[in-house]
Amino acid sequence: NAGVTQTPKFQVLKTGQSMTLQCAQDMNHNSMYWYRQDPGMGLRLIYYSASEGTTDKGEVPNGYNVSRLNKREFSLRLESAAPSQTSVYFCASSNRDRRTEAFFGQGTRLTVV
Amino acid sequence: GDSVTQMEGPVTLSEEAFLTINCTYTATGYPSLFWYVQYPGEGLQLLLKATKADDKGSNKGFEATYRKETTSFHLEKGSVQVSDSAVYFCALGDGSGNTGKLIFGQGTTLQVKP
């Protein structure tokens, strides 16, 4: 049971470099999410996709772009990485019913130097 | 806007001690409430949930009751084990729309000593 799979698990970037974080889910969920986790701040929503073909900004979208490639895949792109984007990134998916939980990937630990 | 406040950590307990982690929220609509747990080096996994007022969620000896009158969802366990050492997050679901978005508290680190 793969659930939500994120790649890569670790990444070090130099300031100004770009990269894409990949996420795929095999639970046939409609909705997918990208969160970042910073010490003392919990998880904050970057972008989400309520259904295939739609994306919306979350709480902290600046410096990021997303693509909902198909129902399974939702990628997060950093066009020009900054040290403030050093964080742990989590992808999640759910079937969007308010009573059901989200399922999370293992996370990507990104360091921007 | 909607928000979640958790008690600050870290919390350090001896094995078999009683655990309470406080969580309060502000919300519109009819949100569900969740507790997630994050073990070292892993992602978040659902610990328990409650979808309406007065519901009690329970799992692995942990319990939390959805209290609308006090806007709280405190996590409790009667006897903690070393294996319960982790970070615990209280989360609020989207109560006014079907987006599935979650708002998280800042997390509480629990360390249980033998």
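So the sequence lines, in the order shown, correspond to chains A and B. Residue numbering for the first sequence follows my numbering, beginning at 25 and increasing consecutively. Residue numbering for the second sequence follows my numbering, beginning at 1457 and increasing consecutively. Glycine included, C-beta positions come from ideal geometry on N, C-alpha and C. Nothing here was measured: the structure is a model prediction, and the numbers come from that model.
Ends of the beta strand (DSSP E) at residue i?
{"i": "B:Tyr1492", "result": "1489-1494"}
{"i": "A:Tyr113", "result": "111-118"}
{"i": "A:Arg122", "result": "Counting along the chain, A:Arg122 falls outside any beta strand (DSSP E), and DSSP gives it neither H nor E."}
{"i": "B:Gln1501", "result": "1500-1506"}
{"i": "A:Ser55", "result": "55-61"}
{"i": "A:Arg133", "result": "132-136"}
{"i": "A:Met43", "result": "43-49"}
{"i": "B:Val1543", "result": "1542-1549"}
{"i": "B:Gly1513", "result": "1512-1515"}
{"i": "A:Val36", "result": "34-37"}
{"i": "B:Thr1482", "result": "1479-1482"}
For residue i, would you say it is in contact with chain B, using Cβ-to-Cβ distances shorter than 8 Å as the test?
{"i": "A:Glu97", "result": "no"}
{"i": "A:Met43", "result": "no"}
{"i": "A:Asn71", "result": "According to the sequence shown, residue 71 of chain A is Tyr rather than Asn. No, A:Tyr71 lies away from the interface with chain B (no Cβ there is under 8 Å from its Cβ)."}
{"i": "A:Phe114", "result": "yes"}
{"i": "A:Gly40", "result": "no"}
{"i": "A:Ala74", "result": "yes"}
{"i": "A:Gly77", "result": "no"}
{"i": "A:Arg123", "result": "yes"}
{"i": "A:Arg92", "result": "no"}
{"i": "A:Leu67", "result": "yes"}
{"i": "A:Arg60", "result": "no"}
Leaving out the 5 sequence neighbours to the left and right, which residues in its chain are closer than 6 Å to residue i when beta-carbon positions are compared?
{"i": "B:Pro1487", "result": "Leu1548, Gly1549, Gly1551"}
{"i": "B:Tyr1495", "result": "Ala1542"}
{"i": "A:Thr44", "result": "Ser99, Arg101"}
{"i": "A:Gln158", "result": "Because chain A spans 25 through 137 in this model, residue 158 of chain A falls outside it and cannot be assessed."}
{"i": "A:Asp62", "result": "Ser111"}
{"i": "B:Gly1513", "result": "Leu1504, Lys1505, Ala1506, Ala1520"}
{"i": "A:Ser55", "result": "Ala74, Ser118, Arg120"}
{"i": "A:Asn89", "result": "Arg101"}
{"i": "B:Thr1565", "result": "Gly1465, Pro1466, Val1543"}
Could you tell me whether any Cβ in chain A is nearer than 8 Å to the Cβ of residue i?
{"i": "B:Gly1517", "result": "no"}
{"i": "B:Gln1562", "result": "yes"}
{"i": "B:Lys1524", "result": "no"}
{"i": "B:Asp1458", "result": "no"}
{"i": "B:Lys1557", "result": "yes"}
{"i": "B:Phe1529", "result": "no"}
{"i": "B:Leu1502", "result": "yes"}
{"i": "B:Thr1507", "result": "yes"}
{"i": "B:Asn1478", "result": "no"}
{"i": "B:Pro1487", "result": "yes"}
{"i": "B:Phe1474", "result": "no"}
Within the same chain, show all residues whose beta-carbon is closer than 7 Å to that of residue i, passing over the 5 residues directly before and after it, in chain order.
{"i": "B:Tyr1522", "result": "Leu1489, Ala1506, Lys1508, Ala1509, Asp1510, Asp1511, Phe1529"}
{"i": "A:Gly87", "result": "Leu102, Ala106, Gln109"}
{"i": "B:Gln1627", "result": "No information on residue 1627 of chain B is available, as it lies outside the stretch 1457 to 1570 that chain B covers here."}
{"i": "A:Ser130", "result": "First, the amino acid is wrong: residue 130 of chain A is Gln here, not Ser. Answer for A:Gln130: Gln30, Lys33, listed in chain order."}
{"i": "B:Gly1485", "result": "Gly1551, Ser1552"}
{"i": "A:His53", "result": "Ser117, Ser118, Asn119"}
{"i": "B:Gln1537", "result": "Glu1471, Val1568"}
In chain order, what residues of the same chain lie with their CB nearer than 8 Å to the CB of residue i, ignoring the 5 residues before and after it?
{"i": "B:Thr1476", "result": "His1530, Leu1531, Glu1532"}
{"i": "B:Lys1524", "result": "Ala1509, Asp1510"}
{"i": "A:Leu37", "result": "Met43, Leu102, Ala105, Leu134, Thr135, Val136, Val137"}
- Message: Using a Cβ distance threshold of 8 Å, determine whether the segment 124-135 of chain A contacts the segment 1509-1519 of chain B, with at least three qualifying pairs required.
- Response: They do not touch, by the three-pair rule.
- Answer yes if the segment 94-105 of chain A comes into contact with the segment 1463-1483 of chain B, meaning at least three C-beta pairs across the two stretches below 8 Å, and no otherwise. The segment 1463-1483 of chain B, when compared against the segment 94-105 of chain A, does not touch it at the 8 Å Cβ threshold.
- Item | Segments of 3+ residues assigned as beta strand (DSSP E) that fall wholly inside the segment 67-98 of chain A | You should have 67-73, 88-92.
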